[in-house]
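Undergrad: Numbering (the working numbering), first residue to last: 6 to 114.
Below you'll find the structure I mean.
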């Protein structure tokens with residue numbers, strides 16, 4: 006499969022860049038440069054990222070499944086096709102309601 010770094014210009018499916026692994030969170034960088042990065046993640050059911058902060062704004066887009074994303078302790082449930090903004094320096098956490106895949110776009114600036 007062609008990926009963004011294969012040197013070819015071709016369409017690809019973000020959700021197919023990572024596979025689910027039992028009991029794990031899997032990630033893959035799609036684009037990374039001084040302006041920011043785009044990564045895709047696959048969370049198995051019940052997996053989570055504990056509350057943390059990041060110094061940059063980020064956009065989360067759910068590609069498959071259902072996730073709970075909490076920003077400053079306020080949870081929102083997201084399904085495939087839905088997104089949420091994670092503001093810089095605000096605590097946030099991510100939890101798999103079902104196994105899910107997401108794209109994370111972080112903008113440095």
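Each residue gets a CB set at the ideal place from its N, CA and C atoms; glycine is no exception.
Since this is a predicted model, take the numbers as computed values, not measurements.
Using only CA atoms, which one of 94, 86 and 58 lies nearest to residue 107?
TA: Checking every option, the nearest Cα to that of residue 107 belongs to 86.
Undergrad: Starting from residue 41, trace the beta strand (DSSP E) both ways and give me its first and last residue.
TA: Its beta strand (DSSP E) spans residues 41-48.
Undergrad: Use the C-beta contact count for residue 70: other C-beta atoms within 10 angstroms, 16 or more gives buried, fewer gives exposed.
TA: By the 10 Å Cβ count, residue 70 comes out buried.
Undergrad: May I ask you to report which of helix, strand or coil DSSP gives residue 95?
TA: Correct three-state label for residue 95: coil.
Undergrad: Grouping DSSP H, G and I as helix and E and B as strand, with all else coil, what is residue 75?
TA: Reduced to three states, the DSSP call for residue 75 is strand.
Undergrad: Could you check which residue in 93, 68, 59 and 63 has the C-alpha nearest to that of residue 18?
TA: Here the closest residue by C-alpha is 68.
Undergrad: What are the partner residues of residue 83, as DSSP defines its beta bridges?
TA: In the DSSP output, where bridge partners are listed per residue, residue 83 has 72.
Undergrad: Helix, strand or coil for residue 21 per DSSP?
TA: Reduced to three states, the DSSP call for residue 21 is helix.
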